[in-house]
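Please read the structure below before turning to the comments.
Here it is in structure tokens:
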């Protein structure tokens, strides 16, 4: 019998203290806890009968009403202030001649910025005396519309550009044109505004898109004492309806905003916006209007409250003036929500019993936590360690419950059995696959990922010189590279001798997979330098890195007996070839065109050349990864290099030579520059005809 066939005893010896521990069954413990909870609940309920009922209905109604009034007054004040602030801001830009009323691009930007910065504003509109009209208009929370109406012989055409709102920006969607009979010069806010000295409030119904009950803060715009037109900030009533829907007016009560007379300004509707008219519950509206009639002028000037009846039911109705001329808030709360003294006493008794039960449950829970839950939680924690392959963290937890103590011991013994295999499998990868429910069977999917290959420059000669002494050096280099890749969210695919293959974007989705990969590449280079990894000649270890992004197959590749979670495809092959292309240009990190596009702005790169890698005939643009963009201007030598590359491709070889020589003055011995300089000098000497185009450099080795 060999070593692998012998049974191994993994059970730990019991300590004397654990052998003397008294254990009880879970059933007995749970029964004791339930009995304790029942006894505590009965004892607590007997103490509640001596309390007397006390009416709090009007106090509660008053409290609710005060909270609602404060919230609505604050919201209306905010709406008024936002409209005034938006009007002042845009008007100032016009008056200071920063923005011209006919300057379409800036005007659209300013109007849209006001809509996005002021949540309650629905329209920012401007009308000209010739009947032209422009407006930025919200279409709910997800879209914006820019509208322009031009007038010719009383025939109007409306241009509408629709945008989708995305976080921090907007994205153009559609443009359409429609005939319209809307004339801004027929609107009261425009006619009055053209004659007024300053802005004022108006009630507005007619809009280019149809009736929309609104209020508008509109006033004239004068530039150099010449009246340009009228600017209007418009708030549709649906925004108020949505706000009212957020208020809790008792359980079944409601609130209304009423205007002059008994006009309904807003009623609660959580779905109302510029696209969806308010479809509010208004069955209690007659009570609000009844209260306005009974209160008369006093209800418009100060708070008013009364008990009113409708269809045999009683309600508490309150009126409160709002900080907008002619507006009042009406709250209607059914009196049935606030029971009389008997119902109050009964409710208190029920609440008291519930509180007693809760207290008893809490006490029982405390006992259960110390006796059952806490030990079980510790055992579950050990199972989590096993699940995440953190086997060295698994511990045995003695417990007074025999079942829990036995379970903890079994888990500890299982961890000991699994720990021997941990270093032979990629634990982090397995952990991620298990979290996502990916089964261990062949299969995969096409995804856009980023893959990286790292290799040691001159490793063949290094291994021949060092022999088996190369193993510690290789191990140290792989340790640094592995730590950096994992720290930057990468998945290590495999080690191939001195090469490391890793990818980003799977199995966990990563929106910035290319950026994470590039950061990891730079960190690998810095980490190996910082670790002082040196070869047998005492020179710092040099690495080459190839990175490429694109669509590739990712998944479990292999057989039913053995699988490898990996990536395959043309984009992967290109990344491998880019690593090898570093030899030709004596660079360290080369990235593909798609990776460059994905990290543009976040990383400093330069285009090296167009090459055809080994095994491919078509050319591809290759870029060198220089470093992380810090907000400063691009280094001058990179600008000179890219300008030289442009001159070279435009057949201006003398200009290209000048640019490349400027690069070498700033960055001596830059091999890509030397390659391009030699190429341009040769072409300048031999000459080219008008049909010449830059050749694709074919690399003859991997």
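Numbering (my numbering), first residue to last: 154 to 855. For every residue, glycine included, the Cβ atom is placed at its ideal position computed from N, Cα and C.
N- and C-terminal bounds of the alpha helix (DSSP H) containing residue i
| i | result |
| --- | --- |
| residue 668 | 666 to 684 |
| residue 753 | It is not in any alpha helix (DSSP H) - residue 753 carries neither H nor E in the DSSP assignment. |
| residue 551 | From DSSP, residue 551 is part of no alpha helix (DSSP H); its letter is neither H nor E. |
| residue 374 | Residue 374 -> not in any alpha helix (DSSP H); beta strand (DSSP E) instead, spanning 363 to 376. |
| residue 739 | Looking at the DSSP string, residue 739 is not in any alpha helix (DSSP H), and its letter there is neither H nor E. |
| residue 346 | 341 to 348 |
| residue 808 | 806 to 819 |
| residue 838 | 824 to 839 |
| residue 617 | 612 to 619 |
| residue 629 | 623 to 640 |
| residue 458 | That residue, residue 458, is in no alpha helix (DSSP H); its beta strand (DSSP E) goes 457 to 463. |
| residue 448 | 438 to 448 |
DSSP-derived helix/strand/coil call for residue i
| i | result |
| --- | --- |
| residue 358 | strand |
| residue 600 | strand |
| residue 306 | Unreliable placement is indicated for residue 306, whose pLDDT of 49 sits below 50; the coordinate value is still reported in the next sentence. Reduced to three states, the DSSP call for residue 306 is coil. |
| residue 293 | coil |
| residue 647 | strand |
| residue 261 | helix |
| residue 702 | strand |
| residue 856 | Because the chain in this structure spans residues 154 to 855, residue 856 falls outside the shown range and cannot be described. |
| residue 504 | helix |
| residue 405 | coil |
| residue 226 | helix |
| residue 661 | coil |
| residue 231 | helix |
| residue 709 | strand |
| residue 427 | coil |
| residue 560 | helix |
| residue 729 | helix |
| residue 255 | coil |
Supposed close pair residue i, residue j - CB separation, criterion 8 angstroms
| i | j | result |
| --- | --- | --- |
| residue 231 | residue 264 | Rounded, the Cβ-Cβ distance is 20 angstroms, inconsistent with contact. |
| residue 388 | residue 245 | That pair is no contact at about 20 angstroms. |
| residue 297 | residue 323 | 6 angstroms |
| residue 459 | residue 488 | Not quite, the Cβ-Cβ distance comes to about 12 angstroms (not below 8 angstroms), so this is no contact. |
| residue 398 | residue 383 | Between residue 383 and residue 398 the Cβ distance is about 33 angstroms, and since that is not below 8 angstroms, they are no contact. |
| residue 726 | residue 718 | Residue 726 to residue 718, Cβ: 18 angstroms. No contact. |
| residue 471 | residue 448 | Contact flag wrong, Cβ pair sits at about 10 angstroms. |
| residue 422 | residue 395 | 7 angstroms |
| residue 757 | residue 782 | 5 angstroms |
| residue 302 | residue 333 | 6 angstroms |
| residue 851 | residue 765 | 5 angstroms |
| residue 610 | residue 744 | At roughly 18 angstroms, the Cβ-Cβ gap does not stay under 8 angstroms, so residue 610 and residue 744 are not in contact. |
| residue 849 | residue 763 | 5 angstroms |
Exposed unless 16 or more other CB atoms sit within 10 angstroms - verdict on residue i
| i | result |
| --- | --- |
| residue 528 | buried |
| residue 843 | exposed |
| residue 787 | exposed |
| residue 835 | exposed |
| residue 638 | buried |
| residue 480 | buried |
| residue 563 | exposed |
| residue 838 | exposed |
| residue 377 | exposed |
| residue 778 | buried |
| residue 720 | buried |
| residue 612 | buried |
| residue 225 | buried |
| residue 247 | buried |
| residue 841 | exposed |
| residue 223 | exposed |
| residue 170 | For residue 170, the predicted model reports a pLDDT of 40, less than 50, meaning its position is unreliable; a value from the coordinates is still stated below. Counting Cβ neighbours within 10 Å, residue 170 comes out exposed, since fewer than 16 surround it. |
Beta strand (DSSP E) segment containing residue i, residue limits
| i | result |
| --- | --- |
| residue 776 | 773 to 781 |
| residue 329 | 322 to 333 |
| residue 790 | Not the beta strand (DSSP E): residue 790 falls in the alpha helix (DSSP H), residues 789 to 802. |
| residue 273 | Residue 273 -> no beta strand (DSSP E), and no H or E assigned at all. |
| residue 716 | 716 to 721 |
| residue 859 | No answer is possible for residue 859: it lies beyond the span of the chain, which begins at 154 and ends at 855. |
| residue 398 | It is not in any beta strand (DSSP E) - residue 398 instead sits in the alpha helix (DSSP H) that spans 390 to 398. |
| residue 418 | 417 to 419 |
| residue 692 | First-last for residue 692: undefined, no H or E at that position. |
**Report entry** Meets three-Cβ-pair contact criterion under 8 angstroms: the stretch 751 to 763 and the stretch 618 to 628
**Finding:** no
For the stretch 662 to 670 against the stretch 678 to 687, do three or more pairs of beta-carbon atoms, one drawn from each stretch, fall closer than 8 angstroms, so that the two count as touching? no
ask   = Do the stretch 781 to 800 and the stretch 811 to 818 meet, that is, are 3 or more Cβ pairs less than 8 angstroms apart?
value = yes
inquiry  = Between the stretch 732 to 745 and the stretch 628 to 636, can you find at least three pairs of beta-carbon atoms closer than 8 angstroms?
reply    = no
| Can we say the stretch 696 to 705 touches the stretch 600 to 608, given the rule of at least three CB pairs closer than 8 angstroms? | yes
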